[in-house]
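Below: the structure, in structure tokens.
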Amino acid sequence: MSLESQPQRVAIVGAGLVGCLAALALANADKTNPAAPAYEVTLFEMRPDPRLQKASGQLRSINLAVSDRGIRALNAIDPQMARRVLAGMIPMYGRMIHHKQDSHGECRQESQQYGLYGEGINSIDRGVLNNKLLDELDAVGVQALFHHKLTSMGMGEKPTLFFNDETAPHEFDFILGCDGAFSATRFHLQKHMRMNFAQEYISKMYLELYIPPAVGADKFSIDKNHLHIWPRKDFMLIALANTNGSFTSTFFGDWDMSDHLVEGPDASRDVLELFERNFPDAIDLIGRDALVRAFATNPRGALVCTSCKPYNLAGKALILGDAAHSMVPFYGQGMNCGWEDVRVMMELLEESGFDTHKAFDKYSETRHEDLLAICDLAINNYREMASKVVDPLYLLRKKIDGW
Ligand code: FAD
Numbered sequence: 001m002s003l004e005s006q007p008q009r010v011a012i013v014g015a016g017l018v019g020c021l022a023a024l025a026l027a028n029a030d031k032t033n034p035a036a037p038a039y040e041v042t043l044f045e046m047r048p049d050p051r052l053q054k055a056s057g058q059l060r061s062i063n064l065a066v067s068d069r070g071i072r073a074l075n076a077i078d079p080q081m082a083r084r085v086l087a088g089m090i091p092m093y094g095r096m097i098h099h100k101q102d103s104h105g106e107c108r109q110e111s112q113q114y115g116l117y118g119e120g121i122n123s124i125d126r127g128v129l130n131n132k133l134l135d136e137l138d139a140v141g142v143q144a145l146f147h148h149k150l151t152s153m154g155m156g157e158k159p160t161l162f163f164n165d166e167t168a169p170h171e172f173d174f175i176l177g178c179d180g181a182f183s184a185t186r187f188h189l190q191k192h193m194r195m196n197f198a199q200e201y202i203s204k205m206y207l208e209l210y211i212p213p214a215v216g217a218d219k220f221s222i223d224k225n226h227l228h229i230w231p232r233k234d235f236m237l238i239a240l241a242n243t244n245g246s247f248t249s250t251f252f253g254d255w256d257m258s259d260h261l262v263e264g265p266d267a268s269r270d271v272l273e274l275f276e277r278n279f280p281d282a283i284d285l286i287g288r289d290a291l292v293r294a295f296a297t298n299p300r301g302a303l304v305c306t307s308c309k310p311y312n313l314a315g316k317a318l319i320l321g322d323a324a325h326s327m328v329p330f331y332g333q334g335m336n337c338g339w340e341d342v343r344v345m346m347e348l349l350e351e352s353g354f355d356t357h358k359a360f361d362k363y364s365e366t367r368h369e370d371l372l373a374i375c376d377l378a379i380n381n382y383r384e385m386a387s388k389v390v391d392p393l394y395l396l397r398k399k400i401d402g403w
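Note that UniProt numbering has the sequence shown beginning at 1, numbered continuously upward.
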């Protein structure tokens, strides 16, 4: 049978932000390029369908920043889909620096625009975004199988996947591993190929906080079109707006320092003391009780950087997104970069006449340097966000040199 008449069977492991986009890109390929084969995509996800949790109404927004890099990747697949999926995102045209309290008791805010021409990034609800991508997949007939945890993998002539320790394998023409920083696809692939891999935890942790909507005409208690930063060198606080007027705020600090805030005998007192000294305006926004409760109950997250090479095993398997390059969140590019992986993969497939072997080999060869660079930018941006944004000399040089 010819390529045109026989669909290629593809498995995507992980229905996160990158796996969903990869599934959409392949499912749409023959609509945008008549030379593309039909791909029959199945998406496997170990967790339950997140859309079924909507009804509980208990879920709080956790947002992330979508940048031009990510938007370009969505547009390359289908601009109308991009518009639907990104509807409602809140543009952030600059950072709002929250300075330390001055001797008059004032907490000055300083706007630093990202660009001269209104360039910006955009705040979007992570859960809503993921659900919208899943809805788009339903609309194009991609089968998403939840409660399917990849537990084993065979790499014969065709890749075979095993889920939930079942013994009956699922066979595919090729697979994409989009199962996050602790990727099972990557782990199993490493048994079949010489993949170099490195992993490093940084000393910082993060803890999510919540700023509720304001009461009154303007439901936002601080400007919604800025990424808010309270830079304090060794630790910092950030906040991004949600459409309902709330803000998702994140505290970043050293694990050692956070131990006594979370587990210490005087944890509540220590949290309030730290905030009164460093972020008194944030106490007003979050609320004293809510702040103490958040440190007592919200989990602390670890920040891990991973890197590997190559990303593919011939034309049979390729890993994308955090599965291939988990980076620290300070540059807001993890998801954006994962979406860019999908765009680059599709371009290379087109260039190679949809020959996965050639395309995936070229992907590993050409993508690595860019991925290393963005991971470095991400780690370096901690210094930028946490301290350099309040260094007048640095800011002046940045302006003059047009960095
Ligand atoms: P994931 O989101 O981790 O999804 C992987 C999926 O695979 C999950 O659904 C998981 O359940 C599933 N899975 C895992 N194992 C298996 C298995 N064995 N079988 C089946 N399924 C499996 N990025 C940005 O671009 N902008 C930001 O502003 C931003 N902010 C961030 C803030 C924080 C605090 C953090 C920690 C990260 C942030 N990121 C941001 C990074 C971003 O969250 C990730 O890069 C992105 O989620 C990666 O998407 P992914 O689909 O590759 O992986």
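Beta carbons: idealized from backbone N, C-alpha and C, even for Gly.
Query: Determine the contact status of Thr250 and Glu200, defining contact as a CB-CB distance below 8 Å.; Result: no
Query: In angstroms with no decimal places, state the Cα-to-Cα distance between Pro7 and Val328.; Result: 38 Å
Query: Quick one: what does DSSP say Gly315 is sitting in, helix, strand or coil?; Result: coil
Query: Would you give the residue range spanned by the beta strand (DSSP E) that Cys305 belongs to?; Result: 301-309
Query: Which value, in whole angstroms, describes the spacing of the CA atoms of Ile121 and Asp254?; Result: 27 Å
Query: Going along the chain, which residues of its own chain have a beta-carbon closer than 6 Å to the beta-carbon of Leu349, five neighbours each way excluded?; Result: Ala359
Query: Drop a sphere of 10 angstroms on the beta-carbon of Phe330, count the other beta-carbons inside from all chains shown, and report buried for 16 or more, exposed for fewer.; Result: buried
Query: Considering only the beta carbon of each residue, do Glu110 and Ile90 sit closer than 8 Å?; Result: no
Query: Pull up the distance between the alpha-carbon of Cys308 and that of Ala314, whole angstroms please.; Result: 16 Å
Query: Could you check if Val342 belongs to the surroundings of the ligand FAD, using beta carbon to heavy atom distance under 7 Å?; Result: no
Query: Among Ile238, Asn312, Leu64, which has the Cα closest to the Cα of residue 409?; Result: Since the first residue shown for the chain is 1 and the last is 403, residue 409 is missing from the structure and cannot be characterised.
Query: Taking the continuous alpha helix (DSSP H) assigned at Asp259, which residues delimit it?; Result: 255-262
Query: Skipping 5 residues on each side, what residues in its chain have a beta carbon closer than 6 Å to that of Ala38?; Result: Pro7, Asp30
Query: Taking just the CA atoms, how far does Gln101 sit from Arg277?; Result: 8 Å
Query: Since Ser61 contacts Asn242 with CB under 8 Å, what's their CB separation in whole angstroms?; Result: 4 Å
Query: Flag this pair as yes or no: are the beta carbons of Thr42 and Leu134 separated by less than 8 Å?; Result: no
Query: What are the partner residues of Ile97, as DSSP defines its beta bridges?; Result: Glu110, Ile229
Query: Of all the options His147, Glu45, Pro50, Tyr93, which has the alpha carbon lying nearest to the alpha carbon of Asp68?; Result: Tyr93
Query: Quick one: grab the DSSP three-state call for Met1.; Result: Interpretation of Met1 is limited by its pLDDT of 39, a score under 50 that renders its predicted location unreliable; no figure is taken from the coordinates.
Query: By Cβ distance below 6 Å, which residues in the same chain neighbour Met155 in space, the five residues on each side in sequence not counted?; Result: His192
Query: Can you list, in chain order, the residues of its chain whose CB lies under 8 Å from that of Gly127, leaving out five sequence neighbours each side?; Result: Pro50, Leu59, Ser61, Ile62
Query: When the Cα atoms are used, what is the spatial distance from Leu318 to Arg288?; Result: 47 Å
Query: Could you tell me the alpha carbon to alpha carbon distance between Ala11 and Pro169, rounded to whole angstroms?; Result: 12 Å
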